[in-house]
Amino acid sequence: MPADAFYDDFAEALRSGDTKTILPHLDTAASAARFAVYRNNVVRGAIDALRAAYPAVERLVGADFFASLARAYWDIFPPRQPSLSLYGSGFADFVCTYAPASDLPWLADVARHDRAWLEAHHECEAPVFGAASAAALDPERLAGLATGLHPSVRLLVSGWPAYEIWRRNRFDPEPAPLTAVPGAWFTIVWRRRGEVRHRALELADHAFLLAIRDGRTIGEAAEIALASHAGFDPATAFGAALSDEILKGTAP
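FYI, in this note's numbering the residues of the sequence shown are 53 to 304.
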């Protein structure tokens with residue numbers, strides 16, 4: 053059998069548990085038993101990686117429910133990379149389709165917040181455009197500046213109070229109950245000086261940052277935000293972006 057075919061059969065046996073295609077290569081009963089142990093360890097490792105990546109989701113649904121959810125995800129989306137540190141990129145979307153979670157319509161967005169934290173934590177380092185950078189420029193140039201956002205920044209939108217549900221269940225020792233009422237909520241997650249941070253955003257602030265992320269200048273982004281809410285204060289929003297160090301700088 054060509055090596056590629058064997059690897060394909062081996063991968064399929066890992067995924068499905070059906071060893072028929074690789075039995076000819078398992079010359080003894082002991083080999084088959086070792087394969088079963090290996091497969092069990094592979095599955096357990098993937099589930100543990102998802103558990104580490106989505107702690108708020110697990111806390112909300114419980115360990116047993118989460119294990120079933122994670123296993124169902126693994127059955128369809130086994131890892132494609134040797135490292136499991138970022139495994140589960142499609143987990144939140146999968147939660148949307150997972151029938152046993154259908155009575156938790158906000159759960160997928162909580163998973164997206166867990167994912168945003170993980171990605172911000174692992175994102176590459178990059179220069180920031182902060183207060184010192186702004187002070188070094190002619191103020192008249194700031195409105196025409198298109199910085200973009202730091203690579204670690206994640207902007208989230210939810211039709212549920214997912215940020216508050218996520219924050220309480222990820223960080224509070226004893227999370228207070230929260231009534232989940234449909235609406236519109238906005239969140240930013242980013243890494244500042246090695247620490248992942250997060251906070252809720254108003255609609256206009258989200259529009260401002262989204263426009264910057266999409267390549268608009270500071271002035272253009274302010275106009276877009278003002279169009280979404282007349283009470284938007286560009287100076288306050290820009291100052292917060294500088295102090296939070298969420299704007300992308302240029303390498304010296």
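All residues carry an ideal CB built from backbone N, CA and C; glycine is no exception.
Using DSSP with H/G/I as helix, E/B as strand and the rest coil, what is residue i?
i, result
"E177", "coil"
"T149", "helix"
"W237", "strand"
"W169", "helix"
"L159", "helix"
"L138", "coil"
"M53", "Unreliable placement is indicated for M53, whose pLDDT of 48 sits below 50; the coordinate value is still reported in the next sentence. If DSSP states are grouped into helix, strand and coil, M53 belongs with coil."
Could you check if residue i is buried or exposed, using at least 16 other CB atoms within 10 Å of its CB as the buried criterion?
i, result
"V113", "buried"
"V180", "buried"
"L208", "buried"
"E247", "exposed"
"V205", "buried"
"I128", "exposed"
"N92", "exposed"
"A115", "exposed"
"R164", "buried"
"F290", "buried"
"L189", "exposed"
Start and end of the beta strand (DSSP E) containing residue i?
i, result
"V109", "Unbroken run through V109 is the alpha helix (DSSP H), P107 to V113; no beta strand (DSSP E)."
"A252", "E247 to L253"
Quick one: give me the first and last residue of the alpha helix (DSSP H) that residue i is part of.
i, result
"T288", "P286 to D296"
"S154", "Premise fails: S154 is in no alpha helix (DSSP H) and is neither H nor E."
"L278", "I270 to S280"
Return the chain-ordered list of same chain residues with a C-beta closer than 6 Å to the C-beta of residue i, the five sequence neighbours on each side being excluded.
i, result
"T288", "none"
"A274", "P286"
"L253", "F238 and I240"
"A259", "I276, A277 and S280"
Counting only the same chain and skipping the five closest in sequence on each side, list residues whose C-beta sits under 7 Å from that of residue i.
i, result
"M53", "Because the pLDDT of M53 is 48, which lies under 50, any placement of that residue in the model is unreliable, and the question is left without a value."
"L197", "T269 and I270"
"P234", "G211 and W212"
Determine whether the Cβ of residue i lies closer than 7 Å to any Cβ atom of chain D.
i, result
"D224", "In summary, chain D is missing from the structure at hand, where a single protein chain is found."
Q: Output the residue ranges of the beta strand (DSSP E) runs that lie fully inside the region 180–244 and measure 3 residues or longer, sorted by chain position.
A: 206–210 and 237–244
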